[in-house]
Each structure stands twice: as C-alpha cells, then as structure tokens.
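Whatever position you read off the sequence shown (first residue = 1), add 9 for my numbering. We treat Cβ as the ideally placed atom computed from N, Cα and C, and that holds for glycine. The structure appears below as structure tokens.
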Amino acid sequence: MNLRYCLPLLLVITQISFSQTRFNAVTKLTTAGFEISQPTYISGIKGIGYMYGPRIQIAGIGEIGYSLGNAVTSDNKFYTKSNQYYIGFQYPFLLLKKSNVNLGPIIGLRFMAHESVNPYHIRDEFNEAGFGVAVPVGLMIKLGPINVSAKYHFQAVYNFSKGTALKGTTAYPSLSVAFSPMNLFMNPKDFSHTGLTSWMTNYSKELLGYKATYTTEGTAYNAVYLESWTQHYGNHTEKATDVQPYFFIGPRVNTNYTSFNKNKVVSGIGINMGLRRGLWFLNSFYEKSDVNFNEPVSRQSDSTSFRSPTNPYHSKRTDGTFENSARFGGQIGIELVNLGLGKKFIYAEDKRKMKRVTSHYYCAPFFGYGKVQLGKLKFNTDSSEVAYQSYLDSLPIAERNTVEKNIYLSPKSLDFYTIGVQAGLGAVAFNVEYNLYQKTYKKLNTINIGLALNVPIIRVGRAMKAAVIMNKQKKKLKKELKTEKK
C-alpha cells in the first residue's frame, strides 16, 4: 500500500487516540473544594469582601456549588446577605498528556439562581431573586491532587423584582481551589453481596363492617377490615464502592462563613487525624482559628430595621472575633451510606457483611467535644466597639455584669460541644459544624464550614516504599545490562 495514502489514515488514528486519552484524563478530574467570586451589585449597594462557598466538579465536566456573601448600602447603614446557587457543565481542553500535571483553557455553561435584598426597596409580591445562565471562561492548572481554576463569568440573569441587590447582566471573576479524592491510594473497589430478602404482592384491604362499643358516654363504632397479601422470599444483591478501613491524617481549613468579615476568607487552619472503618467515623483535630461572636441584637436586612426597642443599633455593627484562637478536640460519628445498605436483608449476618464496607462516598453525622484557648478580642469595624459599649450601657447593671451578655467577661479557656456532618468523596471532604461553647457569651455559638483532606497516610507510605524499591531495581537492571553489553 502506498505510504502517501497511509499518512492521512495514521494522522486520523493518532488524533482519535490522543483525543480519547485527553478525554479520559478529563473524566478523572473529579474534585471538591471552594470557589471565591466577586459578583457586582446594583447602584447604591457595595459588596463586602468576596462571595464564596463549596464547589464540586463531577467527572471533570459537571459542576455544582453554592456561594454566600455580604453587602452594605452606600451610606453604610444597612446590611444584606447574598446567596448564589449553580449547576452546570464545563470542559477543560487539556494541553498535556500527563496525569499528575496538566493545564488548559476552560469554557462552560452554568444555570444560576441568586438572591439578595436591596434594603431601601419597598418589598413587593415578588422574591428578591433571579434565575438565568452564565458562561465561565478561564484557565485550569492541575498540580498533583490540587486543581486551581481562574475564570471570568459572563452572566445573564433575569431578576424577578426590582428589589434584587445583585445585578442580572454582568461579568465578574472567580478563583476555585479543589482537591482530588486520591483514588490511586484509596483504591475504590466494587463490592456486592447477595442475601435473602422478602417482599409482598397482591395486597388487598376489604371493609367487613363496623364493631359497636357501648360506654356510658355513648356508642362508638370501629371499622373492621380483612387484609390479605402474598409474601415472597428470594435473593437480593446490594452493591457498594469499598475502600477498606484506613487511618488518615491531613490538613483542614475553615471559612469565615457566619462572620460579617468576608475579606478574610479562611478563618482557621489545622490538622485532622482519625480512622474510618465500616460504619464508624473517628476524628481528632487541632487548629488555629478565629472564633466569631455575633451581634447581641437581631439585625434585619431591609428598611424595617430602623431604630426600635428590639433593634436599637441598626447603623453600627457590634460583632467581631477572637483572633488566632487554639481549638482541639475529638469527634465520633456514624456513616449513613453504609447504614442504609442491606436494610432489605432478613438475616443479621447479611446486614453485618454490608456494614463492614468502608464506603468511598460517605456522609457521617458526628458529635464531638473540645477545648479552646481564646485569642485576642477584635471587633469587625472601627466603630463596632463603641456601638457595643453603648449597647452594654443600655442594659440593667445586673445583666451587664453577666458572662451571657458581656463579651468582655468571656473566660479565656472554654469547653465546647460540636454537632455536625462530614460528607466526603474518597480523601476529600466537607465539614459543617455547630459549636456550642460553655459558660460564656451566648452569641459565641457559631457555624463553621470547612474542607478537609483525609490522606490515607499508611497507604501513601507503602506506595512510597514500593516506588523506592522499584527505582532501586531499575538501576540494578540497567547496571546488569551495561555489564552484559561489555
């Protein structure tokens, strides 16, 4: 066959092979992390810091996420919260064939919904929300388990009310940092178990009549039914994705999610260490973190929050944080994905086999206990401390001198309880925690939302050991080949 006719065919085969390899690399880009963005507001409203929240990238193409932010009117009197929800698709055009290091341009399509109230707008029958689409364009860089994406979003959202504070048609930047589930080390395997289950068919319920009951208060009639069904027994197969029990250690970060201060995105950083085995989730942690305290009065986000007996300090914020506090503690939880598997089985042994599976995808509600050493007290704005002192002066002396009302009287060392949930995909997980601090200012109890990377440290150590042995064997083999050639 003439080479001239073979070349086009070889080029097509090579291009298809490269495209298939590139597409396979894209589909492995399942990650979870946070996105930080800076949407624009209507005239008279200005954003405070950034909007940010969790984002999940599914098989490199799909995405879903949520962001929260704060804004204030131009006269600095009223504050409003902003929420943004999105689901969509994107495609990264990878430029390299390497799986650990890669980069390429991104283009996508997002379906979006947002809500934010203009405090000076008279509320009508419509929600202060909008729905539409956005086209994100940008660049993605992959460095091992870390994915970083910088994008610009061209947005067209229809706002249902003139009282919506976020702009509908606009463009704004975003930055996302996410982590892969480390499937190489987690090694998820398909697991299935077949056991005995039962089910019923041909169910019927027939009214036979009414039974009379005579009492001193009168006669009561109760309906009498005849129920029938066919009971069946047979095999049932339950499937799961098992990663086997593992000990983990890795970094954790918390966001300033419940704080007014959105300029400081990361409020805490620390380390996790724990164990996942079947149903059980065990974790301990240490972190340096800001402990936020909320305002002692309720603050509404619309014009109804003018000065009143229940909300006297609308124009000056009175919240802040204990900066750089040291927190440590432990948590214990039950993994719900495994708990739900095998419920149809009749025999306990069948259920136990499923419950021993350590699921690759998991959701573990937990309870915990810890201690905190509070750091330096700092209010969020320059005028906040003056406003807070005015609030204290308005209280009766008996209330003013109680730790429940006065942030200055909070002990430096506190116990706290935690309830929360960790939802994970392999080694990467999101945390949502509510912290209940003991014997202190009531408004200290806040919610932390964070990201954890639970690295299976023993498996990583074994992999490194295997890599060292293989490199030694390769060097030894090269020496032997050189010797034979001589």
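Under the three-state DSSP convention, the category residue i falls into
i      : result
ALA461 : strand
ASP328 : coil
ASN156 : strand
ASN192 : helix
LYS364 : helix
GLY470 : helix
LYS421 : coil
GLN447 : coil
GLY349 : helix
GLN47  : coil
ILE478 : helix
TYR356 : coil
ASP251 : strand
THR264 : strand
TYR397 : helix
LYS487 : helix
C-beta contact flag for residue i and residue j at 9 Å
i      : j      : result
THR6   : LYS176 : Absent from the model: residue 6. The displayed extent of the chain is 10 to 495, so no value can be given.
GLY283 : SER298 : no
ARG285 : PRO260 : no
GLY42  : ASN156 : yes
VAL430 : GLY342 : yes
LEU401 : VAL300 : no
Residues near residue i by beta carbon distance below 8 Å, same chain, minus five either side
i      : result
VAL275 : VAL262, ASN263, THR264, ASN265
TYR234 : LYS214, GLU215, LEU216, LEU217
PHE257 : ASN281, MET282, GLY283, LEU284, ARG285, ALA436, ASN463, VAL464, PRO465, ILE466
LEU193 : ALA472
ILE577 : Residue numbering for the chain in the displayed model covers 10 to 495; residue 577 lies beyond these limits and cannot be assessed.
GLY351 : HIS202, GLY204, GLU247, ASP359, LYS360, LYS362, MET363, LYS364
Residues near residue i in its chain [Cβ-Cβ closer than 7 Å; skip 5 each side]
i      : result
LYS362 : HIS202
PRO154 : PHE188, SER189, MET191
TYR59  : ILE45, SER46, GLN47, GLY78, LYS271, VAL274
ASN168 : GLY139, GLY177
TRP208 : HIS241
PHE425 : GLY379, VAL381, ASN444, LEU445, TYR446, GLN447
Residue i to residue j span [Cα, whole Å]
i      : j      : result
ALA229 : GLU236 : 22 Å
GLU124 : PHE102 : 32 Å
LYS485 : LEU148 : 42 Å
ARG119 : ILE70  : 12 Å
SER91  : ALA159 : 22 Å
LEU490 : MET479 : 16 Å
GLN240 : GLU358 : 22 Å
ALA143 : LEU184 : 15 Å
LYS488 : LYS481 : 11 Å
GLU304 : VAL412 : 15 Å
ALA396 : ARG409 : 15 Å
VAL21  : VAL469 : Its pLDDT being 40, under 50, VAL21 is placed unreliably in this model, and the value from its coordinates should be taken loosely. Roughly 40 Å between the two C-alpha positions.
Supposed close pair residue i, residue j - CB separation, criterion 8 Å
i      : j      : result
GLY287 : LYS220 : Not a contact, Cβ separation roughly 50 Å.
TRP238 : THR210 : 7 Å
Close beta carbons around residue i, own chain, < 6 Å, minus the five adjacent residues each side
i      : result
LEU345 : CYS372
ILE116 : VAL146
ALA122 : TYR94, PHE140
VAL441 : GLY429, VAL430, ILE458
PHE3   : Lying before the first or after the last residue shown, residue 3 is absent from the chain, which here runs from 10 to 495.
LYS451 : GLU413
ALA180 : PHE163
9 Å Cβ cutoff, residue i in contact with chain B
i     : result
GLY69 : Structure shown: chain B not included; a single protein chain is present.
The ligand FMN heavy atom lying under 8 Å from the CB of residue i
i      : result
LEU235 : Questions concerning the ligand FMN fall outside what the structure shown contains, since it holds no ligand whatsoever.
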